[in-house]
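Enquirer: Let me give you the structure first, and then I'll get to my questions.
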Amino acid sequence: MTDKGSSSPDDSPLAGYYLTRVYHGNAEPFAVVTDQQAATAVEFCSKFAPCRSVGDGSGGQEAYLDKRREVEDWLRQTARQEGIDIRKQNPVYFTLTKEPQDSTLNDGRKVLSIPAEQIDLSVFSFTVGDSMGNFLGPERDDHPLRLAVLTARQVEKIVEKEGVSSDYLKGGRYIEVQMWAPSPPMQQQPAFSAPAVSVAPKPRR
35 MTDKGSSSPD DSPLAGYYLT RVYHGNAEPF AVVTDQQAAT AVEFCSKFAP
85 CRSVGDGSGG QEAYLDKRRE VEDWLRQTAR QEGIDIRKQN PVYFTLTKEP
135 QDSTLNDGRK VLSIPAEQID LSVFSFTVGD SMGNFLGPER DDHPLRLAVL
185 TARQVEKIVE KEGVSSDYLK GGRYIEVQMW APSPPMQQQP AFSAPAVSVA
235 PKPRR
């Protein structure tokens, strides 16, 4: 059976790293556009990314969303085959970072980071690079992991060898993270067990 990446906080495969998400300041932190009805999704994209198109420059918002859903179908199917626990239809996107980032960008977007060891990673998949760019990009891109959808344990081995981008906002082949749950499931902390207390019997009078 494929290792899903679930572990205790003390044995997290990505301890010391962060799952960082950028989102629009007036939106919920874990809302994604593909959860919306088609008309609402187009309206949202038109407002916040008016120049967006498919990677080759063709089409508009409708074409972009059609391709985005195609990519997410591929991600979901492949992640399920890898043993990822799929709890929602469309993923929420993060990036794996070495440093926490918690701020507001110049364009009003917000950034939050969650320590990886605090999260149940069994609902997360990973791609080396932007998943949409990987899936729709040119076949001449011969990166060996271009079409791989990975578990946390598999990514652990990659970052041990190659590290992660120091500033993913500047681009490059960063590690994208897909969360298949409505919100990050936090690791359960071990229940506190009070030490047994022995009470000496009262002496008889």
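Residues 35 to 239 in my numbering are what the sequence shown spells out, letter by letter.
Think of the CB as a built atom: it goes at the ideal place given N, C-alpha and C, for glycine as much as any other residue.
Would you call the stretch 156 to 172 and the stretch 59 to 68 in contact, with 3 or more CB pairs under 8 Å?
Expert: Taking 8 Å as the limit for Cβ pairs, the verdict is that the stretch 59 to 68 does not touch the stretch 156 to 172.
Enquirer: Looking at the strands, I want to know which residues DSSP matches up with residue 149.
Expert: For this step, residue 149 is matched to residue 115 along the sequence shown. DSSP output for residue 149 lists 52 as bridge partner(s).
Enquirer: Which ranges does the alpha helix (DSSP H) cover as unbroken runs of at least 4 residues, wholly within the stretch 123 to 202, from first to last along the chain?
Expert: List check, alpha helix (DSSP H) in window: 165 to 170 and 186 to 196.
Enquirer: Please classify residue 121 as buried or exposed, where buried requires at least 16 other C-beta atoms within 10 Å of its C-beta.
Expert: Counting from 1 along the sequence shown, the entry for residue 121 is found at position 87. Classification for residue 121: exposed.
Enquirer: Going by C-alpha to C-alpha distance, which of 221, 212, 178 and 219 sits closest to residue 66?
Expert: The residue given as residue 66 occupies position 32 in the sequence shown. Considering only alpha carbons, the answer is 212.
Enquirer: Measure from the alpha carbon of residue 177 to the alpha carbon of each residue in 53, 115 and 165, then state which is nearest.
Expert: Along the sequence shown, read from residue 1 onward, the residue named residue 177 stands at position 143. Closest option to residue 177, Cα to Cα, is 165.
Enquirer: Over what stretch of residues does the beta strand (DSSP E) that includes residue 111 continue unbroken?
Expert: The sequence position of residue 111 within the sequence shown is 77, counting from 1. Per DSSP, residue 111 belongs to no beta strand (DSSP E); it is in the alpha helix (DSSP H), 95 to 115.
Enquirer: Alpha carbon to alpha carbon, what distance is there between residue 153 and residue 220?
Expert: Residue 220 sits at position 186 when you count from the first residue of the sequence shown. Residue 153 sits at position 119 when you count from the first residue of the sequence shown. Answer to the nearest angstrom: the Cα atoms are 4 Å apart.
Enquirer: Does DSSP put residue 77 in a helix, in a strand, or in coil?
Expert: One-based indexing of the sequence shown puts residue 77 at position 43. Of the three classes helix, strand and coil, the one that applies to residue 77 here is helix, per DSSP.
Enquirer: Can you pull the DSSP bridge partners for residue 209?
Expert: Translated into the one-based positions of the sequence shown, residue 209 becomes position 175. Answer is 162.
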